[in-house]
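These notes are about the structure you will find just below.
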Amino acid sequence: MALELPENVIVTQLDSLANWCRKNSLWPMPFATACCGIELMATGASRHDLARFGAEVFRFSPRQCDLMIVAGRVVMKMLPVLQRIWQQMHEPKWCISMGACASTGGVFDTYSVVQGIDRFIPVDMYVPGCPPRPEQLIQGIIDLQDKIQREGTLEGSEFNTRHRQERKRALVELPILGQTPIFR
Amino acid sequence: MSNLHRILPELQKFDPALRSDEFRGQDRVWLSASTLGLSMQCLRDRLGFDLLVDVTCVDYLNYRNASDRFGLVYLLANTQSSQRLTVRVGLNEPELSVPSVVSLWAGADWMEREVWDMFGIRFEGHPDLRRILLPEEFSAHPLRKDYPLQGCGERHNFPVLTRSQA
Ligand code: SF4
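Here it is in structure tokens:
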């Protein structure tokens with residue numbers, strides 16, 4: 001049966017509509033702890049203009065954000081803060097790990113620097129570089145938008161799949177909480 | 001120009017066997033932990049060293065020709081005459097404690113806390129000797145040479161958040 005649609009009416013799925021809205025209004029939470037933060041600011045400024053991708057509304061309250069951009073190294077004193085801010089953000093939420101330090105600890109293989117935030121919070125997109133150019137960060141955001149459009153669901157069930165749930169990286173080579181005596 | 005000729009007679013009242021030298025125009029004296037309090041008081045009140053520039057420490061573990069494990073360093077300055085003086089105190093385990101100079105220079109407060117945090121040297125009489133940089137529950141003193149660079153696992157001692165917990 002052919003359905004006659006009035007002019008300017010499109011039929012789509014509710015999921016795609018939700019994804020389309022979400023991906024084009026990402027509100028970043030700038031968790032900028034080091035030099036990558038400067039590049040993050042440049043990305044938001046007029047020359048690179050993140051507004052072209054709908055992600056220019058940097059908010060400093062986690063309650064208003066749905067994209068955490070971790071830009072810079074995270075030390076052991078900062079990690080509980082990072083986790084708390086991540087928990088305070090509303091679902092659906094995404095996380096970009098920007099730069100070598102946030103992703104792996106970078107050159108700072110020392111006692112105080114966390115060797116990759118993905119060991120302790122979920123990360124959706126990694127942006128390599130030291131620091132990444134704004135173009136690279138923008139590419140990361142575009143890729144994330146792509147991912148949201150492809151995988152997203154209205155009720156967020158894509159986050160419950162196994163590969164989104166499991167830790168991104170095996171903690172085998174590291175002492176694990178509760179199993180290794182940590183403090184001498 | 002060295003000012004040791006002016007400083008030394010005053011300090012030798014407390015410690016006659018005082019060691020001192022001049023290195024590239026910088027005056028240095030070595031004090032012992034037992035006479036540190038009186039000597040510092042004298043340096044501030046009688047010799048005019050009214051500014052404590054820095055308090056820091058060096059770990060000489062495995063250092064060639066080192067006589068002491070730790071070398072505590074106080075950098076003093078006289079803002080009237082622009083003189084400077086380096087005061088050094090050698091310390092060895094287990095007596096890692098010196099009198100605090102917070103009562104003489106209030107600025108020593110955080111600097112002594114940092115030395116306690118990083119090297120584990122106690123400053124007796126400090127009003128609030130807590131760690132300043134590292135978390136309270138940290139138990140090591142990481143700038144000591146026998147502490148491994150990558151730590152003892154403290155940086156991995158956190159709960160892991162997954163999607164369902166957040
Ligand atoms: S990745 Fe490079 S630019 Fe970014 S925080 Fe680390 S050292 Fe700085």
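Residue numbers (our numbering), protein chains in the order written: chain B, 1 to 184; chain V, 1 to 166. All residues carry an ideal CB built from backbone N, CA and C; glycine is no exception.
Proximity winner among B:ALA18, B:VAL9 and B:THR12, relative to SER157 of chain B (alpha-carbon distances): For the residues B:ALA18, B:VAL9 and B:THR12, the minimum Cα distance to SER157 of chain B belongs to B:ALA18.
Host alpha helix (DSSP H) of GLU151 of chain B (start-end): The continuous alpha helix (DSSP H) containing GLU151 of chain B extends over residues 134 to 151.
Residue-level contact to chain V via CB, ALA26 of chain B, 8 Å cutoff: Ala is not the amino acid found at residue 26 of chain B; the sequence shown has Leu there. Answer no: the Cβ-Cβ gap between LEU26 of chain B and chain V never drops below 8 Å.
Near the ligand SF4: ARG73 of chain B beta-carbon under 7 Å from a heavy atom: Yes; taking the cut-off as 7 Å, the Cβ of ARG73 of chain B has a heavy atom of the ligand SF4 nearer than that.
Opening and closing residue of the beta strand (DSSP E) in which ASP21 of chain V lies: Start and end: 19 to 23.
Integer-rounded CB distance, given that THR153 of chain B should sit under 8 Å from ASP49 of chain B: Wrong, their Cβ atoms sit about 30 Å apart, outside the cutoff.
Reference ALA32 of chain B; option with closest CA among B:GLU91, B:LEU26, B:MET41 and B:THR161: Checked all of B:GLU91, B:LEU26, B:MET41 and B:THR161; the closest Cα to ALA32 of chain B is B:MET41.
ALA33 of chain V CB to nearest heavy atom of the ligand SF4 below 7 Å: It does not: the Cβ of ALA33 of chain V is nowhere closer than 7 Å to a heavy atom of the ligand SF4.
Straight-line gap, ASP15 of chain V to VAL74 of chain B (C-alpha atoms, nearest Å): Taking the CA atoms as reference points, ASP15 of chain V sits about 48 Å from VAL74 of chain B.
Contacts around ASP109 of chain V, its chain only, beta-carbon distance under 6 Å, and the 5 residues preceding and following it disregarded: Excluding residues within five positions, the ones whose Cβ falls inside 6 Å are VAL102.
Near the ligand SF4: PRO122 of chain B beta-carbon under 7 Å from a heavy atom: Checking the Cβ of PRO122 of chain B against the ligand SF4 gives no.
Per-residue contacts from VAL113 of chain B into chain V (C-beta, under 7 Å): What VAL113 of chain B touches in chain V, judged by beta-carbon distance under 7 Å, is ARG155, going in chain order.
Contacts that GLY37 of chain V makes with chain B (C-beta to C-beta distance below 7 Å): Simply none; closest approach about 32 Å.
The segment 125 to 139 of chain V / the segment 67 to 77 of chain V touching (three or more Cβ pairs under 8 Å): The segment 125 to 139 of chain V is not in contact with the segment 67 to 77 of chain V.
Per-residue burial, LYS13 of chain V [other beta carbons within 10 Å of its own, 16 or more giving buried]: Counting other Cβ atoms within 10 Å of its Cβ, LYS13 of chain V stays below 16 and is therefore classed as exposed.
Option in V:LEU61, V:LEU75 and V:TRP116 with minimal Cα separation from ALA140 of chain V: Residue V:TRP116 is the option with its Cα nearest to ALA140 of chain V.
Any C-beta of chain B under 8 Å from that of TRP135 of chain V: The amino acid occupying residue 135 of chain V in the given sequence is Pro; Trp does not appear at that position. Chain B contact via Cβ: present.
N- and C-terminal bounds of the beta strand (DSSP E) containing ALA71 of chain B: Looking at the DSSP string, the run of the beta strand (DSSP E) that includes ALA71 of chain B is 67 to 71.
Backbone CA spacing between SER2 of chain V and ARG28 of chain V [nearest angstrom]: Roughly 10 Å between the two C-alpha positions.
Near-chain V residues of the segment 74 to 86 of chain B - C-beta to any C-beta below 9 Å: Correct list: VAL75, MET76, LYS77, LEU79, PRO80, GLN83 and TRP86.
beta-carbon GLY140 of chain B near the ligand SF4 non-hydrogen atom, thresh 7 Å: Not one heavy atom of the ligand SF4 is found less than 7 Å from the C-beta of GLY140 of chain B.
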